[in-house]
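Novice: For the sequence shown, this note's numbering begins at 1166 and goes up steadily by one.
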Amino acid sequence: MIKLLPLLLLVAYGFAMWRFSAWQLGRELAARSHPLTDARLAPVLARLARAVGVARIPLHLYEVEPVNGLAAPDGRVFLTRGFLRALDAGQVTPEELGAVVAHELGHVALGHSRRRMIDFTGQNALRMVLATVLGRFLPGIGVWIANLAASALAARLSRQDEYEADAWASALLVKAGIGTRPQKALFARLERLTGAPGAAAPAWILSHPKSADRIAAIEALEARWHPAPRD
């Protein structure tokens, strides 16, 4: 048991760090968000609600400028003020914002917040173990390698979550009669709207898949759902 104590302490430390991060996010959202009611979004949200089998989709507005959607650890779904400004400017459509909401609902339904807690705890333990071991053999760069390896693992797991939420959203959008066209159309220009790195950045360091890869994954799903007729 004593031999396992350092590892248990690392796991406990990682869990505590995740809890603190979730607490900080909760405080930020409580201070800077409120329920979102927008007549332009109401018809789309109603269709999503019917498809999910609930009376309504509670949606909140997060008063920050970056274009983004968010699923909080407590299950609430948010759109940022930046996304609403893009809607005002005609840069996105209500159906495309519906696709964002569907994606965030996917994170909630698939339990990604809980999974990220476990992942974060494990990644932190991995980082510290690697830093300790590699630091003995590679003084000066061992910690850097450990941080790089843990960050790459975190990015890979995050991309997996994004693909899963995309697939869940695609299925919901089809069930709601909206289809995947708005989802793919938004991805086609998402990097321009958000100012994200795009094609120039190495895929392995990105927390989200590249938009072209996300579109391809959705189209692969559609091909499975609606196979082309054989001659």
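Every residue gets a Cβ at the ideal spot worked out from N, C-alpha and C, and that includes glycine.
All values reported here derive from a predicted model rather than from experimental measurement.
1. Quick one: does residue 1252 have its CB under 7 Å from some CB of chain B?
2. Are residue 1335 and residue 1380 closer than 7 Å when you measure CB to CB?
3. Would you kindly check if the distance between the Cβ of residue 1208 and the Cβ of residue 1225 is under 7 Å?
4. Does DSSP classify residue 1369 as helix, strand or coil?
5. Please state whether DSSP places residue 1391 in a helix, a strand or coil.
6. Using only alpha-carbon positions, find the residue among 1243, 1376, 1340, 1254 that is nearest to residue 1324.
7. Taking only runs of the alpha helix (DSSP H) that begin and end inside the region 1186 to 1255, which ones reach a length of at least 4 residues, in chain order?
8. Keeping to the same chain, check which residues put their C-beta closer than 8 Å to that of residue 1242; ignore five residues upstream and five downstream.
9. Terminal residues of the continuous alpha helix (DSSP H) containing residue 1341?
10. Do you know how far the Cα of residue 1262 is from the Cα of residue 1356?
11. Comparing alpha-carbon positions, which option in 1244, 1258, 1238 lies nearest residue 1278?
Specialist: This is what the structure holds:
1. No chain B appears in the structure shown, which is made up of a single protein chain.
2. Residue numbering aside, residue 1335 sits at position 170 when the sequence shown is read from its first letter. Residue numbering aside, residue 1380 sits at position 215 when the sequence shown is read from its first letter. Contact: no.
3. Taking the sequence shown and counting its residues from 1, one reaches residue 1225 at position 60. Taking the sequence shown and counting its residues from 1, one reaches residue 1208 at position 43. No, these two residues do not count as a Cβ contact at 7 Å.
4. Numbered from 1 along the sequence shown, position 204 holds the residue referred to as residue 1369. Confidence is the limiting factor: at residue 1369 the pLDDT is only 47, short of 50, which leaves the residue's position unreliable, though a coordinate-based value still follows. Residue 1369: helix per DSSP, three-state reduction.
5. In the sequence shown, the residue the question calls residue 1391 occupies position 226. DSSP places residue 1391 in coil when its eight states are reduced to three.
6. Taking the sequence shown and counting its residues from 1, the one referred to as residue 1324 is at position 159. Out of 1243, 1376, 1340, 1254, 1376 has the C-alpha closest to the C-alpha of residue 1324.
7. 1207 to 1217, 1246 to 1253
8. In the sequence shown, residue 1242 corresponds to position 77, counting from 1. Cβ neighbours of residue 1242 beyond the five flanking positions: 1222, 1223, 1224, 1225, 1234, 1235, 1236, 1266, 1269, 1270, 1273.
9. In the sequence shown, counting from the first residue as 1, residue 1341 sits at position 176. It is not in any alpha helix (DSSP H) - residue 1341 carries neither H nor E in the DSSP assignment.
10. Sequence index remark: in the sequence shown, residue 1356 carries index 191 (1-based). Sequence index remark: in the sequence shown, residue 1262 carries index 97 (1-based). Distance between the alpha carbons of residue 1356 and residue 1262: 15 Å.
11. Here the question's residue 1278 lines up with position 113 in the sequence shown. The shortest C-alpha separation from residue 1278 is found at 1238.
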